Amino acid sequence: MTINDYENVVVTGASSGIGEAVARSLSEAGLTVHAIARRTERLDELAANTKCIVHTMDVCDSKAFIDLLETIEVDILINNAGVGRGFGNLVDANFEDIETTIDTNVKAAIYAAKAVLPGMVERRNGHLINIGSMAGLYPLASSLYGATKGATHVLSMDLRLELQGTGVRVTEICPGRVTTEFYDAALDDHAMVESKKNSGIKEVTSEDISQAVIYALDAPQHVNINRIELQPTEQTYGGMQFTPRSPK
Ligand SMILES: NC(=O)c1ccc[n+]([C@@H]2O[C@H](COP(=O)([O-])OP(=O)(O)OC[C@H]3O[C@@H](n4cnc5c(N)ncnc54)[C@H](OP(=O)(O)O)[C@@H]3O)[C@@H](O)[C@H]2O)c1
Numbered sequence: 031m032t033i034n035d036y037e038n039v040v041v042t043g044a045s046s047g048i049g050e051a052v053a054r055s056l057s058e059a060g061l062t063v064h065a066i067a068r069r070t071e072r073l074d075e076l077a078a079n080t081k082c083i084v085h086t087m088d089v090c091d092s093k094a095f096i097d098l099l100e101t102i103e104v105d106i107l108i109n110n111a112g113v114g115r116g117f118g119n120l121v122d123a124n125f126e127d128i129e130t131t132i133d134t135n136v137k138a139a140i141y142a143a144k145a146v147l148p149g150m151v152e153r154r155n156g157h158l159i160n161i162g163s164m165a166g167l168y169p170l171a172s173s174l175y176g177a178t179k180g181a182t183h184v185l186s187m188d189l190r191l192e193l194q195g196t197g198v199r200v201t202e203i204c205p206g207r208v209t210t211e212f213y214d215a216a217l218d219d220h221a222m223v224e225s226k227k228n229s230g231i232k233e234v235t236s237e238d239i240s241q242a243v244i245y246a247l248d249a250p251q252h253v254n255i256n257r258i259e260l261q262p263t264e265q266t267y268g269g270m271q272f273t274p275r276s277p278k
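Here the sequence shown is numbered in the working numbering, starting from 31 and rising by one per residue.
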């Protein structure tokens with residue numbers, strides 16, 4: 031089993047950043063990619079430049095999302111859609127931010143897995159890739175976001191146990207800082223967005239993450255890549271400290 035033995039892929043959150051890069055690269059690799067997100071104009075652009083089949087969909091609309099997934103024989107699910115609303119202190123997070131972050135990062139990923147796994151198990155063929163975060167593994171002083179990514183981490187590990195003997199593989203990808211629109215969507219304070227976006231270090235790119243996804247998918251069937259952690263060389267665990275080096 032390598033990437034070429036798979037056919038249909040669902041990528042959630044494919045209108046920007048990591049999801050878009052993964053959708054593009056898997057489409058270029060010859061897979062049939064179903065790209066899901068809410069921003070139709072971004073998806074139309076993706077459809078115009080790739081062979082991706084696009085679906086305008088809010089993954090928090092659980093019923094519609096499950097209905098869509100049930101129309102596709104999904105070989106690979108990339109649970110990538112995610113937000114960082116309420117990214118700062120939990121004390122400052124409002125009700126809506128808490129609901130949105132949990133519903134997007136946790137509930138939608140669980141419903142998606144539940145929708146596609148029975149078919150994968152029956153066909154003894156499938157790969158679930160969950161985009162977690164270093165924030166789910168190490169302290170980051172962002173409790174709400176960290177809790178949702180911690181859930182992704184445990185979901186990924188427990189599914190490995192549940193799926194033992196089925197041939198279905200599960201991989202968790204845990205990025206550190208990646209240059210995307212993540213903070214634009216997460217934070218309302220423009221100055222804070224700019225300060226987050228100007229970390230002063232060379233960050234990981236979405237294409238770096240898509241390479242990691244392809245590495246996991248392309249491993250031989252007897253190899254399950256359980257987890258990949260990748261972060262900028264100049265970012266410490268948890269992401270609070272950056273150490274740009276001055277040129278010698
Ligand atoms: N950037 C980082 O430093 C970093 C680090 C670790 C982990 N991650 C994780 O990587 C994943 C991708 O984030 P990113 O960095 O690529 O940020 P991004 O550019 O903001 O992408 C987020 C994607 O999720 C989609 N999305 C959000 N809510 C959705 C909803 N309700 N329904 C459907 N799609 C939805 C967005 O599309 P629409 O707005 O069009 O719906 C967008 O395509 C997330 O799970 C994030 O937690 C990011």
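Using N, Cα and C, we set each Cβ at its ideal position, and we do this for glycine too. Quick caveat: nothing in here was measured; it's all calculated off a predicted structure.
Worksheet entry | 6 Å CB neighbourhood of leucine 56 in its chain, flanking five on each side removed | Val39, Val63
Discussion item. Excluding the 5 residues flanking isoleucine 280 on each side, which residues of the same chain have their C-beta closer than 6 Å to its C-beta?
Written reply: Only positions 31 to 278 of the chain appear in this structure, which leaves residue 280 out of reach.
Worksheet entry | Reference alanine 65; option with closest CA among Ala78, Cys82, Ala51, Ala59 | Cys82
Practice prompt. Report the residue ranges of all beta strand (DSSP E) runs contained in full by the region 176 to 242; include only those spanning at least 3 residues, in chain order.
Written response: 199 to 205
Discussion item. In whole angstroms, give me the CA-to-CA distance for leucine 99 and glutamate 211.
Written reply: 26 Å
Item to complete: Would you give the residue range spanned by the alpha helix (DSSP H) that leucine 73 belongs to?
Response: 70 to 79
Discussion item. In the DSSP output, what is leucine 247 paired with across the bridge?
Written reply: In the DSSP output, where bridge partners are listed per residue, leucine 247 has none listed.
Item to complete: Please state whether DSSP places glutamate 58 in a helix, a strand or coil.
Response: helix
Fill in: Chain-order list of residues whose beta-carbon lies under 6 Å from that of alanine 139 (same chain, five-residue window excluded)
Asn109
Worksheet item: According to the neighbour-count rule (16 or more other Cβ atoms, all chains shown, within 10 Å of its Cβ), is proline 262 buried or exposed?
Response: buried
Fill in: Per-residue burial, threonine 70 [other beta carbons within 10 Å of its own, 16 or more giving buried]
Per the 10 Å Cβ criterion, exposed.
Item to complete: Could you give the DSSP three-state label for glutamine 83: helix, strand or coil?
Response: Rather than glutamine, the amino acid found at residue 83 in this sequence is isoleucine. Three-state result, isoleucine 83: strand.
Worksheet entry | Under the three-state DSSP convention, the category alanine 67 falls into | strand
Worksheet item: Helix or strand or just coil, what does DSSP make of arginine 115?
Response: Here arginine 115 sits in coil by DSSP.
Item to complete: Could you check how far apart the C-beta atoms of histidine 157 and arginine 190 are, in whole angstroms? I think they sit under 8 Å.
Response: In fact, because the Cβ distance is near 12 Å, the residues do not count as touching under 8 Å.
Discussion item. Excluding the 5 residues flanking glutamate 237 on each side, which residues of the same chain have their C-beta closer than 6 Å to its C-beta?
Written reply: Ala51
Worksheet entry | Spatial distance of glutamate 58 from threonine 80 (CA atoms) | Approximately 8 Å between the Cα atoms of the pair.
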